[in-house]
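Chains as they are written, first to last, in the working numbering: chain Z, 1 to 431; chain V, 432 to 709. Beneath this line is the structure, given in structure tokens, with notes to follow.
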Ligand code: SF4
Ligand code: SF4
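Printed below as a string of structure tokens:
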């Protein structure tokens, strides 16, 4: 017999229909959640995202290939996650396990749909089936391993790592999804009683089946029950993506696609812009670009930027992670104020959201930008915010003096141009 | 073609209109007594290697890096426009600067305002000259440069921001003649800041909170007796940091170390340790 299994084996039609209804509902909640965040990003200045998809096919490809490559390398191959010891290892194993299970589920559904169209289109059998079952069975372990590591790290709570109550829910949910998945498999093996390679291609499931040791009837009824629990967990997980840290699945790759990050470059401001807007530098959240606002949602508070920040390390009032999170809070508050029609409640960024001392503490070293796994540009936020303070005359002390000297003498020392070549005198000692 | 011999040691673009490379001196080396020694070292090396160069002299203005990063965009644009005009007037194609902030500004900031030049850091030019055999080690050069272990502090605007970290090491290896470099844990693209970028060079700071103290501590922990840098800001910060740690190490620019190695320092080199502050 060719090794295979029925897709909805042991699941009556009524349950199958309920399953699809729930699937649709969870995806609707997901879409609504994404839409809510997307509306927040729309508060920013336009990045003309539509331009990306206009023109000939070749022109579109030209415009998106840089972004597509970044997504493939930074997110797909997890390049920017690397370099963080065991945390990297755990993230990558969780990611690989998760992606395998995700792609596996999509393939399973594709097979289901195709086999309904014509039974000859069914591909979930034979050697493919064996490879499929084995891969998913083993990679599921990676997923669980990563989840366990992150659960452990939540207990230890490294200082740079952000933490929200929903993180427990997410991680415990993952754990439950992984474990119930294996139990469903074990129970299926127990009632289906596959023989030969068909049984051995899921080693973890087979082992668990041995441990559970149920007769066929008991296995059938528990299989039905656990299958539903597993399904509920998965749908709950899909629906909660936009409302938890898991949103980085969506915002992370989107931002990586849009963000180029040339270190050491800053966006210019023109006099025309200043005349048109009546201000220099951002004063409220709407003065940032849509891409910058999206980046705020891509932050998962991993704390890597804070760990490398020399200002933070020397106890100055600056953490690049905090800056990103505070701006994110301002984005949410601004949207709420505008939705309520209360323009007056839009929080001013300076002073209220971010203290001037925070902005002045930055050395512009770019370490944060260089390390962020989702290419958030914390430095551009900080440096453009400084522009507003300078325009308002809020910089004082020695730095303000240096600027005045640069204005009057074209150098921060404030010495006359005539003395610029004094250093050359010592090259030819006078006799 | 080398700089004509009848000209001053560091000729201006007016004095040597047929220059091939413009040496961008920067404000620090123009006015800060300590940093001036980097510029003199560079001139000695350029002349020794027979490079045909010129400086802008009085016509050079601050690149505006600090102004831009402090948030004074229009002051920066004023300085940039003036400098671009000057550079174009003298038809400058290739620039060498020993300040990574100048390199970054000339390369990335100026390109936004129509100034396009080939800009290299002095360590890149020196590495080029060394590999072309134009800076042969003088046989029996005076005392070997940099007695004791040497470490190198990567400036962020050089190593991380512009990816230049091997050229400085190549030059250093020549300068310290086969001694191996003691690397700090944070090096190359992962280097730590000295604390002076983003306009913080011009801000006062509680000594306990200084980035430079922390970074210099890291440098001293390697056991180094010489801390090499490739940035005049880093030079100031690391010197202060070494002092704040009660350390003994010398802090020198790579060009200065190379000059020592090649024995190009004049016998009575002006030894002025106090950096000018105002
Ligand atoms: S800004 Fe980037 S590096 Fe910093 S915490 Fe957020 S995701 Fe992590
Ligand atoms: S650029 Fe500023 S915020 Fe970012 S790591 Fe450096 S000092 Fe910290």
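The C-beta atom is built at its ideal place from N, Cα and C for all residues, glycine as well. Predicted, not measured: the structure shown is a model, and the values here were computed from it.
Exposed or buried, what is residue i when buried is set at 16 or more other beta-carbons lying within 10 Å of its beta-carbon?
i: residue 444/Z; result: Here chain Z has residues from 1 to 431 only, and residue 444/Z is not among them.
i: residue 370/Z; result: buried
i: residue 197/Z; result: exposed
i: residue 314/Z; result: buried
i: residue 174/Z; result: buried
i: residue 256/Z; result: buried
i: residue 411/Z; result: buried
i: residue 245/Z; result: buried
i: residue 277/Z; result: exposed
i: residue 663/V; result: buried
i: residue 457/Z; result: Outside the shown range of chain Z, which is 1 to 431, sits residue 457/Z, and nothing can be said about it.
i: residue 484/V; result: buried
i: residue 534/V; result: buried
i: residue 697/V; result: exposed
i: residue 132/Z; result: buried
i: residue 62/Z; result: exposed
i: residue 27/Z; result: exposed
i: residue 691/V; result: buried
i: residue 488/V; result: buried
i: residue 443/V; result: buried
i: residue 99/Z; result: exposed
i: residue 424/Z; result: buried
So, at 6 angstroms on beta carbons, what are the nonlocal neighbours of residue i in its own chain, with the 5 sequence-adjacent residues on each side left out?
i: residue 456/V; result: 470 and 486
i: residue 9/Z; result: none
i: residue 536/V; result: 494 and 496
i: residue 598/V; result: 554, 555 and 558
i: residue 33/Z; result: 242 and 243
i: residue 506/V; result: 498
i: residue 29/Z; result: 239
i: residue 596/V; result: 585, 590 and 619
i: residue 436/V; result: none
i: residue 632/V; result: 664
i: residue 375/Z; result: 256, 259 and 261
i: residue 5/Z; result: none
Grouping DSSP H, G and I as helix and E and B as strand, with all else coil, what is residue i?
i: residue 222/Z; result: helix
i: residue 423/Z; result: helix
i: residue 635/V; result: coil
i: residue 446/V; result: coil
i: residue 571/V; result: Its pLDDT being 49, under 50, residue 571/V is placed unreliably in this model, and the coordinates cannot settle the point.
i: residue 659/V; result: strand
i: residue 455/V; result: strand
i: residue 364/Z; result: coil
i: residue 358/Z; result: helix
i: residue 350/Z; result: strand
i: residue 461/V; result: helix
i: residue 484/V; result: strand
i: residue 233/Z; result: helix
i: residue 695/V; result: coil
Considering just the uninterrupted stretch of the alpha helix (DSSP H) at residue i, what are its terminal residues?
i: residue 582/V; result: It is not in any alpha helix (DSSP H) - residue 582/V instead sits in the beta strand (DSSP E) that spans 581 to 583.
i: residue 135/Z; result: 126 to 156
i: residue 207/Z; result: 203 to 212
i: residue 23/Z; result: 13 to 41
i: residue 191/Z; result: 165 to 192
i: residue 331/Z; result: 320 to 339
i: residue 497/V; result: 496 to 501
i: residue 197/Z; result: 197 to 200
i: residue 81/Z; result: Where residue 81/Z is concerned, there is no enclosing alpha helix (DSSP H), given that its DSSP letter is neither H nor E.
Between which residues of its own chain and residue i is the CB-CB distance below 7 angstroms, once the five residues before and five after are set aside?
i: residue 176/Z; result: 233
i: residue 226/Z; result: 180, 183, 184 and 187
i: residue 316/Z; result: 361
i: residue 307/Z; result: 160
i: residue 660/V; result: 584, 586, 666, 669, 682 and 684
Name the two residues that bound the continuous beta strand (DSSP E) containing residue i.
i: residue 526/V; result: 525 to 528
i: residue 681/V; result: 681 to 684
i: residue 549/V; result: 549 to 552
Considering only residues of the same chain and omitting the five flanking positions on each side of residue i, which have a CB-CB separation below 8 angstroms?
i: residue 612/V; result: 581, 582, 583, 600, 603 and 604
i: residue 614/V; result: 582, 583 and 653
i: residue 204/Z; result: 137, 138, 140, 141, 182 and 185
i: residue 366/Z; result: 263, 264 and 379
* Asked: Quick one, what's near ligand 2 if you take every residue whose CB is closer than 5 angstroms to any heavy atom, in chain order?
  -> Proximity to ligand 2 was defined by a C-beta distance below 5 angstroms to any of its heavy atoms, and the residues meeting it, in sequence along the chain, are 309/Z, 311/Z, 320/Z, 362/Z, 363/Z, 365/Z, 367/Z, 368/Z and 379/Z.
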